[in-house]
Amino acid sequence: MPDHGELFQKQLIEYGACTFGRMKTGSLFRILRKDIPNSEECMCYFDKQCSPFGYHICVLQENKEGCLVYVYNAHKLEYILSEPSIQIFLSDFGYDVFDVDKALQRLKQRLHEQSEFPHEIGIFLGFPLQDVQAFITPQKKCKLVGYWKVYGNVKKFQKVFYRYDCCTKTFVACLNQGETFVQILKKCNELTH
-13 MPDHGELFQK
-3 QLIEYGACTF
7 GRMKTGSLFR
17 ILRKDIPNSE
27 ECMCYFDKQC
37 SPFGYHICVL
47 QENKEGCLVY
57 VYNAHKLEYI
67 LSEPSIQIFL
77 SDFGYDVFDV
87 DKALQRLKQR
97 LHEQSEFPHE
107 IGIFLGFPLQ
117 DVQAFITPQK
127 KCKLVGYWKV
137 YGNVKKFQKV
147 FYRYDCCTKT
157 FVACLNQGET
167 FVQILKKCNE
177 LTH
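When the letters of the sequence shown are read in order and numbered with our numbering, they come out as residues -13 to 179.
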């Protein structure tokens, strides 16, 4: 494991648990260079470990303070990007090719061009299209705030958010009990197949 790998692993588990638990398409977290100066080395190391399970880690945005890390389930993202309603929505933001690599390239470009997160980033995180669209509409009032702002079915997403919380607590507990990132992924993979 590279220097600072344990801290990177901890953040990867804390912020990516719901993705690794196959509940979400993707997760985002920020790495500060002062905490993990070799973040690129750590990302390469852990990407090699998680890619056999269908997950990938990439940098969406960088600056002198750190980087924005995106962890994603490649199959889920590919499926979402193949949905016609998602393609129509994303085309409004300049997306014209819907394979994973090209869509991520466009998302990186959008992050570079804008001072705020582009609203379509919710699609890449697995948020429902209806909630992403409602978030963009200024006069819409959300009904629940959790992992994202919910504008529709509150009861359904209260349960989803509860499962996300339980998943994260379970993954963190496994890590705190001495299991490695790969051991946790293997265990999760066995449970979901």
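Ideal placement from N, C-alpha and C gives every residue a C-beta, glycine not left out.
Cβ separation of residue i and residue j, assumed to be a contact under 8 Å, to the nearest whole Å
| i | j | result |
| --- | --- | --- |
| Ile170 | Ile(-1) | 7 Å |
| Phe6 | Tyr41 | 6 Å |
| Gly12 | Leu93 | That belief does not hold up - the Cβ atoms of Gly12 and Leu93 are roughly 10 Å apart, past 8 Å. |
| Gln35 | Val158 | Contact doesn't hold; Cβ gap of about 18 Å is too wide. |
| Tyr31 | Pro(-12) | 5 Å |
| Glu51 | Leu18 | 6 Å |
Euclidean distance between Cα positions of residue i and residue j
| i | j | result |
| --- | --- | --- |
| Leu(-7) | Ile22 | 8 Å |
| Leu67 | Val86 | 7 Å |
| Arg16 | Leu130 | 24 Å |
| Lys173 | Ile107 | 29 Å |
| Cys28 | Pro104 | 27 Å |
| Glu99 | Leu90 | 14 Å |
| Phe39 | Asn139 | 32 Å |
| Lys155 | Phe147 | 12 Å |
| Ile122 | Gly164 | 42 Å |
| His61 | Arg8 | 10 Å |
| Gln125 | Ile109 | 21 Å |
| Phe143 | Val83 | 30 Å |
| Gln95 | Gln119 | 21 Å |
| Gly(-9) | Ser101 | 30 Å |
| Asn162 | Gly2 | 16 Å |
| Glu176 | Glu48 | 35 Å |
| Val45 | Phe79 | 20 Å |
Proximity of residue i and residue j at Cβ, strictly below 9 Å
| i | j | result |
| --- | --- | --- |
| Ser77 | Cys53 | no |
| Leu97 | Val55 | no |
| Tyr137 | Lys127 | yes |
| Tyr115 | Ile72 | Checking the displayed sequence, the identity of residue 115 turns out to be Leu instead of Tyr. Yes; because the gap between Cβ atoms is below 9 Å, this pair is in contact. |
| Phe113 | Tyr133 | yes |
| Thr166 | Gln(-5) | yes |
| Tyr150 | Lys20 | no |
| Lys88 | Asp117 | no |
| Cys160 | Cys4 | no |
According to DSSP, residues forming a beta bridge with residue i
| i | result |
| --- | --- |
| Leu14 | Tyr56 |
| Leu90 | DSSP lists no partner for Leu90. |
Complete alpha helix (DSSP H) runs within the segment 22 to 81 (minimum length 4 residues, chain order): 25 to 36, 60 to 68 and 70 to 77, all fully within the segment 22 to 81.
Entirely enclosed alpha helix (DSSP H) segments - the segment 92 to 157, minimum 4 residues: Segments of the alpha helix (DSSP H) lying fully in the segment 92 to 157: 107 to 111 and 115 to 122.
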